[in-house]
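In my numbering, the protein residues as written are 59 to 424.
Where a beta carbon is used, it is the ideal one built from N, C-alpha and C, also for glycine.
These numbers were taken from a predicted model, which means no experiment stands behind them.
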């Protein structure tokens, strides 16, 4: 593998994520607008990757984020601690008593079923994470003194405010200076960009960040929406995903950004909220293309976090020196398994990922 990864012995962390961590409120089988009960979880596009690497794969993980210092923020911290992710890097913002100045993000998410698609309603204005700005985090201490083998961040955090995009640039620049591998999940969300310039602004921000990234990750529409790379022959409903068209797009992206060492692309065709085709391809400079097992008509319980779990499986394979073909199988298998349980975060074991990636079935383990 062409990635040069810092030795474990000189680093406190295998993986650190940079992003917002929200409180997810889940109505289970019901609807947000009619429920009387919510189950709560923690979640965040960037954080989910670090948590998966900690809980499923046993790596040393930390999260760089900000929380308002009140009971809700402390509840989110408690979830993070339960996930085994180090919380010492959290920036705590004083709470003003009302939320005029700073608050914690809430994410109301219903899973969908059959013809009723999943729905997410985020409530994240004035969050502590969105107010992070350059200079708030001592990156030299993190990357230079503590040591980090891999930094993961993404397009959700970059979209929260003008300052968070600059924090991403600051972080990835410092990481590269100290030899830390940097991955980025494009994670395009129209709702985050629509009031600040839409897709054009998303591309402006993500193109700047892309120049600093080693491992670029996205789904079937992210590379078009966030970086402007068109995929030929794909309709707006993503109903027929031609692998050769995505390979062509990835080849174009790797030429435009020669700093990309690895590109990972998940592929999902939605037949219903409960029935998706699911797969992935990856490319690296030294190995070329690799394609994961394509799982047609995969049964879905909760699709949220599937892409994040793909990213953590892929990263685990790359961090441990596996061939690209194995790493992309780990990613696709972890994503498939994570979508069989509720919540954003993985409830999977490494043994289950390895078994499924190797062709294992869902027969009862006794």
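Three or more beta-carbon pairs drawn from the segment 117 to 135 and the segment 70 to 83 are found closer than 8 Å, and the two stretches are therefore classed as touching. If you draw a straight line from the Cα of residue 117 to the Cα of residue 111, it comes to about 6 Å. Check the Cα spacing between residue 189 and each of 223, 169, 64, 206: the tightest is with 223.
In its chain, beyond the 5 residues on either side, 74, 233, 238, 240 have a beta carbon closer than 6 Å to the beta carbon of residue 209. A residue is called buried once 16 or more other Cβ atoms fall within 10 Å of its Cβ, and residue 156, having fewer, is exposed. The Cβ-Cβ distance between residue 268 and residue 287 does not fall below 8 Å. By the beta-carbon neighbour count (other beta carbons within 10 angstroms, threshold 16), residue 214 is buried. In this structure, 265 is the residue among 253, 409, 80, 265 with its C-alpha nearest to the C-alpha of residue 244. Taking 8 Å as the upper bound for CB-CB distance, residue 130 and residue 100 are not in contact here, some 11 Å apart. Leaving aside the five residues that flank residue 415 on each side, the residues in its chain whose CB is nearer than 6 Å to its CB run, in chain order, 387, 388, 391.
Measuring C-alpha to C-alpha distances from residue 178 to each of 247, 146, 147 identifies 247 as the nearest. Annotated as proximal: residue 326 and residue 336, with beta-carbon spacing under 8 Å.
Going by beta carbons, residue 275 and residue 304 fall outside the 8 Å limit. Per DSSP, residue 410 lies in no beta strand (DSSP E); the unbroken alpha helix (DSSP H) holding it starts and ends at 408 to 415. If you keep only unbroken alpha helix (DSSP H) runs of at least 4 residues inside the segment 299 to 360, you get 301 to 314. Taking a 10 Å sphere around the C-beta of residue 207, we find 16 or more other C-beta atoms and assign the residue as buried. Look at residue 171 here: in three-state DSSP terms it is strand.
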